[in-house]
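Taking it in order: structure first as structure tokens, then the write-up.
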Amino acid sequence: MTQRTVPCSACRPHGARLLLSNKSLLPLLWRLFPGHPNLLPASHDPADLDGPLVAKPRHGREGEGVMVFESAPLLAAPATVYQAYSPLYRSAAGHAVLGSWVVGDVAAGLGMREDDDRVTRNGSRFVPHCFD
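Numbers 857 to 988, taken from my numbering, label the letters of the sequence shown in order.
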């Protein structure tokens, strides 16, 4: 039996992925590009936002720890990002969100995540599509 050695860097998430998955980028992007059509208002302080909003853990993934509020909570929670609420597409099958994978500058795949709840999570129904 041949033993393979895997480089240590292959065992850890790439630094760019850690940086780009940090929800604290959302308030920064909103400050840099306020009103951009591809962004939702975001802040570390819920008092900065009007109307319904979502609270997201700074390092959460796949809906983990996301909470929806009809109005801003009185106090900001530590390590939390607040973002204006935008409802997901809804059909008889539930709430749905699309995610895309891009490798370099080429579209590589698309995933549809669907749930009965208005927040999709890692246990939600998921259908991946790969592009050749």
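Where a beta carbon is used, it is the ideal one built from N, C-alpha and C, also for glycine.
Asked	Found
Minimum C-alpha distance to P984 - residue among R887, G965, Q939 and P934	G965
Cutoff 7 Å; reference F987; Cβ partners in own chain excluding five residues on either side	A963, A964 and G965
Closest residue to D906 among N878, G916, F925 and R981 (Cα-Cα distance)	F925
Bounding residues of the beta strand (DSSP E) (the contiguous stretch that carries L909)	L909 to P913
Per DSSP, the bridge partner or partners of L954	M968
Between the CA atoms of G871 and L931 - distance to the nearest angstrom	32 Å
Cβ shell of A949 (< 8 Å), same chain only, five flanking positions each side left out	E970
Environment of V959 [buried if 16+ CB atoms lie within 10 Å]	exposed
Inter-residue CB distance, S899 and Y938 (contact presumed, cutoff 8 Å)	5 Å
Sequence-distant residues of its chain with Cβ nearer than 6 Å to W957 (five each side left out)	A964 and G965
Per-residue DSSP class, three states only, for A872	helix
Nearest-angstrom beta carbon gap, P929 and R974 [assumed within contact, 8 Å]	Not a contact, Cβ separation roughly 18 Å.
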